[in-house]
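As structure tokens, the structure follows; a few thoughts come after it.
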Amino acid sequence: MGLRRWALAAAVGAAAVAALAAGIAPRSARAQADAALRVPDAFASITDRARRSAALFLEAGKVFQHPRCQNCHSGDDQPHQSEGRPHRPPVRGGADGVGVPGLRCAACHGEANYDAAGMPGVANWHLAPVSMSLRAPLAVICAQLKDPDKNGSRTLDDIAQHVATDALVIWAWTPGPGRRPAPGTHAGFVALMRAWADTGAECPRAP
Ligand code: HEC
Ligand code: HEC
């Protein structure tokens, strides 16, 4: 019996190796691929600079359109939670994004994740302005990122700097248990954004 079970396990193991070798990714590997980010060099074969730039942005878009970023960049003055449902309780960002009097974000969200209560947190936790919505198509997000009237009067360099250093952005890769982190690594995302800026910050075409 013990031997038969061992033989079965060995056969299953061999089958898994064979499937991998044949390039047929099991479901878990597929999920990992969705959670990964390609490096800028992976786009080197696109010789047209503008097309390469837009392709780099599409890859970075996996992060922009991830719930860890969209939940704060909801575009409707209320944060979202989990995979994107409206926040409970139904708080509002208010004029400065930190909540309305009596229901400030900081009443619940601390300076770090509080894992025992499943409570996400970073210092200065607040809602992004409506003009910075990330719940939008990537062509729209891209244009918005370059528009000083919508992006908080930032230059492209400021944007690259923001995604490289902002604690709220960085939080998305360490969101605490029970939350899917943003795809890839923070460093990988920053590299894509810099490569995008360096290639002219071209936007993908509207779908
Ligand atoms: C009464 C307490 C309370 C207040 C006030 C509050 N939150 Fe929350 N918030 C929570 C809890 C609890 C969760 C975790 C829910 C979950 O993940 O299931 C949460 C989750 C979130 C998330 C989801 C993070 C993610 O991606 O998983 C965001 C974004 C958020 N809050 C933003 C805000 C903002 C912005 C404010 C102020 C305008 C605010 N919250 C005020 C309790 C609160
Ligand atoms: C806890 C809430 C929160 C989370 C999570 C968050 N942001 Fe933000 N983000 C903000 C706020 C608030 C601002 C506006 C800050 C300002 O203008 O001073 C902002 C500004 C930005 C800006 C600059 C202006 C613009 O046009 O958007 C970028 C880029 C940005 N965030 C990207 C991201 C990305 C990418 C993620 C996820 C990896 C993310 N943010 C996660 C709250 C958040």
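Going by my numbering, the first residue of the sequence shown is number 15, and it counts up by one from there.
In this text, a Cβ means the ideal position worked out from N, Cα and C, and glycines have one as well.
All figures in this text were calculated on a predicted structure; none of them were measured in a lab.
Is residue i near ligand 2, with its Cβ less than 7 Å from a heavy atom?
| i | result |
| --- | --- |
| Trp210 | no |
| Phe71 | no |
| His94 | no |
| Leu141 | yes |
| Gln158 | yes |
| Ala178 | no |
| His101 | no |
| Ile60 | no |
Since I believe residue j is in contact with residue i (beta carbons under 8 Å), could you give me their beta-carbon distance rounded to a whole number of angstroms?
| i | j | result |
| --- | --- | --- |
| Arg149 | Gln84 | 5 Å |
| Arg52 | Thr213 | Arg52 to Thr213, Cβ: 15 Å. No contact. |
| Ala153 | Ala211 | At roughly 17 Å, the Cβ-Cβ gap does not stay under 8 Å, so Ala153 and Ala211 are not in contact. |
| His94 | Ala142 | Not quite, the Cβ-Cβ distance comes to about 11 Å (not below 8 Å), so this is no contact. |
Applying the 10 Å Cβ sphere with the 16-neighbour rule, what's the burial state of residue i?
| i | result |
| --- | --- |
| Glu242 | Nothing can be reported for residue 242: it is not among the residues displayed for the chain, which extend from 15 to 221. |
| Ala74 | buried |
| Gln92 | exposed |
| Glu97 | exposed |
| Pro54 | buried |
| Asn127 | buried |
| Pro104 | exposed |
| Pro162 | exposed |
| Ala56 | exposed |
Taking 8 Å as the CB-CB cut-off, is residue i touching chain D?
| i | result |
| --- | --- |
| Ala126 | Here there is only one protein chain, and chain D is not present. |
Looking at the unbroken alpha helix (DSSP H) that takes in residue i, where does it start and where does it end?
| i | result |
| --- | --- |
| Ser67 | 63-78 |
| Gln175 | 170-179 |
| Cys156 | 152-159 |
| Met207 | 200-212 |
| Arg82 | 81-84 |
At a threshold of 7 Å, does residue i count as lining ligand 1 (C-beta to nearest heavy atom)?
| i | result |
| --- | --- |
| Ala121 | yes |
| Val112 | yes |
| Val105 | yes |
| Arg63 | no |
Three or more C-beta pairs below 8 Å linking the stretch 76-83 and the stretch 188-206:
The stretch 76-83 and the stretch 188-206 touch, with no fewer than 3 CB-CB distances between them shorter than 8 Å.
Touch test, the stretch 60-73 against the stretch 198-212, Cβ-Cβ under 8 Å, three pairs minimum:
They touch, by the three-pair rule.
Segment contact flag, the stretch 105-124 with the stretch 167-183, C-beta cutoff 8 Å, min 3 pairs
The answer is no - the stretch 167-183 does not touch the stretch 105-124, with fewer than three Cβ pairs under 8 Å.
The stretch 153-160 contacting the stretch 107-121, beta-carbon criterion three pairs below 8 Å:
Not touching, per the Cβ criterion.
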